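Chemist: The following block contains the structure, expressed as structure tokens.
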Amino acid sequence: MPEHSADGRRTHGPTIRRLSVVVIVAFGSLAAVVTASLVWTTTLMERSIETVIRDSESQAIASEIQLALLTHQRLRNLYVMFHEPEVYDTARELVIETRGLLARAEQYRGSADEQRLLDEVSRRLTFYLEERERLEDHETELEEVVRLSQPALDDTVHALEALHDLNDDQVRLADAEAQQVNEQANLMGSIAATVLVLGLTAVAVGIRHYVLRPVLALHETIGRFKAGETDGRAHDDGLSELAELALGFNEMAEGLAQQREAQLTFLAGVAHDLRNPLNAIKIGIYALEVEQSEARRGRARERLDRQVDRLARMVDDLLDATRIEAGKLEMRVEPMDLRDVVQDMVRLYAPTSSEHQITAHVPGERVVVQGDPLRLEQVVSNLVSNAIKFSPEGGSIEVVVRTEGDDAILSVTDRGVGIPHGELSSVFLPFRRRRPEVAPGAGLGLSVVRRIVMAHRGSIDVESEPGRGASFRVKLPRVGVC
């Protein structure tokens, strides 16, 4: 069974690289063994064939020498009887041919015993020829010549027969070795073929189990998902890479399901949030129609203005989120003093809430950044308005601008309800509604702020303690810093 980590990812299991290495090493080793066996078998077979050819040639030469000796004996016998020079010359040529055959036999010797027998044949042959010449020079009778030279001839023939028998034994031995090598080669070939078939079968089974079946299952799950069965999930079996693909698909499906759920929740929240100001606007319009007191009519107009501003804010957040997702967020970047944006926004928001003390703390020197003034005003406005909304009991709100190395730091700190630790990591995600019972909204403001800050090559983070407020910190690169 594969092992999985705490987040569901498989930590151990066969991978494509590992499996391919195992297959390559296994078949490479088999090929190396088969190749070495073939080389070894071929070498032994060549050696056996060379032995057979050499000893067969030596046998033939021994037979030729034996035949030449017998022929030489008859020719010399004729010469003793008739003293014809032609017969004598033919016998001499036969002796020269015999010695040439004996020299050829030296080239085919294959063992010390064979060399010993060749030396014995040469010695006895020389003794026979010399004995024959000596007897013929004394004009001995033919019968006497034959009788006296026959032992030397017989010894030479016996030596040739011993050489012939030795070669015959070596041929049989080489033939037996060749037969044994052939049997071993057949056995090794059978083993190699069996191992190859078993290996290919194992590879086919492994591919079917670890590759084909998971791929088909993943393909089927994706097909069902495309057809609308969004609850289908892939099995994380098979090779590690395929398991990771399955886990990735499952994570994507879970993410889409969560996003769809968040969007439905968001739409429901937006509908609810829109209904409240619309109802308030409807009541305000009715109040304007029926109220006679100018003071009450003025309060009704103020409520109408607040509800319209609230609707405008929600619509602006929706439009900005749509532009950001479409990659069409318009930016008019220019060098600007971040202090001006902060002071303008503080002056704008300070009169809006009598329960909050909104203050700005800026340095005496310019803090120049490369940015879009309207978009950075939107960032400060969103952070300050959030600080007001999430401080329902009032309190101080501090907007601070300072420098830190090559960066400009903008922070907005409130003393409100704060953010639970479990929500800090998702506070900048879209459709994340913080405490709707405290401050209803679409849950897009901080997401838009983060994307605007990132478009300025900056970053934003948050620190918070539940019940003690929150501090949002924006970091932007300064310009003109040496």
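FYI, our numbering numbers position 79 of the sequence shown as 79, with every residue one higher than the one before it.
Using N, Cα and C, we set each Cβ at its ideal position, and we do this for glycine too.
Computed from a predicted model, the values in this text were never measured in an experiment.
(1) With distance defined between alpha-carbon atoms, name the residue in Y349, V479, R375, V412 nearest to M454.
(2) What does F472 pair with, by DSSP beta-bridge criteria?
(3) Is the CB-CB distance between Q170 and T90 below 8 Å?
(4) For I24, count neighbouring C-beta atoms within 10 Å of its own C-beta (all shown protein chains included) and say buried if the count is 16 or more, exposed if not.
(5) Distance, Cα to Cα, Q107 vs S29?
(6) Can you list, in chain order, the residues of its chain with a C-beta nearer than 7 Å to that of L196? Leave out the 5 residues immediately preceding and following it.
(7) In the DSSP assignment, what are the bridge partners of R76?
(8) With DSSP collapsed to three states, give me the class of T403.
(9) Please confirm whether V333 has its beta-carbon closer than 8 Å to some beta-carbon of chain B.
(10) Rank F390, Q370, L75, D55 by C-alpha distance to the C-alpha of V484 and give the top, closest one.
(11) As a quick exercise: from E330, A246, E64, pick the residue whose alpha carbon is nearest that of G100.
(12) Take the Cβ of H83 as the centre, count every other Cβ of all protein chains shown within 10 Å, and call the residue buried at 16 or more, exposed below.
(13) Quick one: residues in its chain with C-beta nearer than 8 Å to the C-beta of T140, no 5 flanking neighbours on either side, listed in chain order?
(14) Would you list the one or two residues that DSSP bridges to M336?
(15) Pairing CB atoms from the region 154–162 with CB atoms from the region 111–124, are three or more of them under 8 Å?
(16) How far does the alpha helix (DSSP H) with T359 in it reach, from first residue to last?
(17) Give the C-beta separation of E177 and S48 to the nearest angstrom, bearing in mind that I take them to be a contact with Cβ-Cβ under 8 Å.
(18) If distances are taken between C-alpha atoms only, which option among N77, H361, R332, P363 comes closest to L142?
(19) Report buried or exposed for D406, applying the criterion of at least 16 other Cβ atoms within 10 angstroms of its Cβ.
(20) Give the DSSP bridge partners of E57, in chain order.
(21) For F225, which residues from the same chain have a beta carbon less than 6 Å from its beta carbon, with the 5 sequence-adjacent residues on both sides left out?
(22) CB V427 to CB L446, shorter than 8 Å?
(23) Compute the distance between the beta-carbons of V474 and V368, then report whether it is under 8 Å.
(24) DSSP on I397, reduced to helix/strand/coil?
(25) Taking the C-alpha atoms as reference points, what is the distance between N167 and Y79?
(26) Counting only the same chain and skipping the five closest in sequence on each side, list residues whose C-beta sits under 6 Å from that of A408.
(27) Expressed to the nearest angstrom, what Euclidean distance is found between the alpha-carbon atoms of S396 and L348?
(28) List the residues that DSSP assigns as beta-bridge partners of R478.
(29) One question on the structure: do V341 and P363 come within less than 8 Å of each other, judged by their Cβ atoms?
(30) For the candidate residues S381, P392, A193, whose alpha-carbon lies nearest to that of V448?
(31) According to DSSP, simplified to helix, strand and coil, what is G164?
(32) Would you call P151 buried or exposed, if buried means 16 or more other Cβ atoms sit within 10 Å of its Cβ?
(33) So I358 and V384 are supposed to be a Cβ contact under 8 Å. How far apart are they, rounded?
(34) Could you have a look at V438 and say whether DSSP puts it in helix, strand or coil?
(35) Return helix, strand or coil for E3, following the three-state DSSP convention.
(36) Going by beta-carbon coordinates alone, are F27 and G206 separated by less than 8 Å?
Modeler: In short, the structure shows the following:
(1) R375
(2) V412, V462
(3) Taking 8 Å as the Cβ cut-off, Q170 and T90 do not qualify as a contacting pair.
(4) Sixteen is the threshold: since fewer than 16 other Cβ atoms of the shown chains lie within 10 Å of the Cβ of I24, the residue is exposed.
(5) 42 Å
(6) L30
(7) For R76, which the question treats as bridged, DSSP gives no partner whatsoever.
(8) Strand, per DSSP.
(9) The displayed structure is made up of one protein chain only, and chain B is not part of it.
(10) Only positions 1 to 482 of the chain appear in this structure, which leaves residue 484 out of reach.
(11) G100 has its Cα closest to that of E64, out of E330, A246, E64.
(12) By the neighbour-count rule (16 or more Cβ atoms within 10 Å), H83 is not buried but exposed.
(13) L148
(14) V369
(15) yes
(16) From DSSP, T359 is part of no alpha helix (DSSP H) but of the beta strand (DSSP E) over 356–361.
(17) 5 Å
(18) N77
(19) Answer is exposed; the Cβ neighbour count stays below 16.
(20) DSSP lists no partner for E57.
(21) G232
(22) Going by C-beta atoms, V427 is nearer than 8 Å to L446.
(23) no
(24) strand
(25) Roughly 35 Å between the two C-alpha positions.
(26) L338, V367, V369, L476, R478
(27) 16 Å
(28) V369
(29) no
(30) S381
(31) The residue you asked about is not Gly; residue 164 is His in the sequence shown. In this structure, H164 counts as helix in the three-state DSSP scheme.
(32) exposed
(33) Cβ atoms of I358 and V384 come within 8 Å of each other, at about 7 Å.
(34) Low confidence applies to V438: its pLDDT is 43, below 50, so where it sits in the model is not reliable enough to give any reading.
(35) At E3 the pLDDT is 49, less than 50, meaning the model places this residue with poor confidence; the figure from the coordinates comes in the next sentence. Coil.
(36) no
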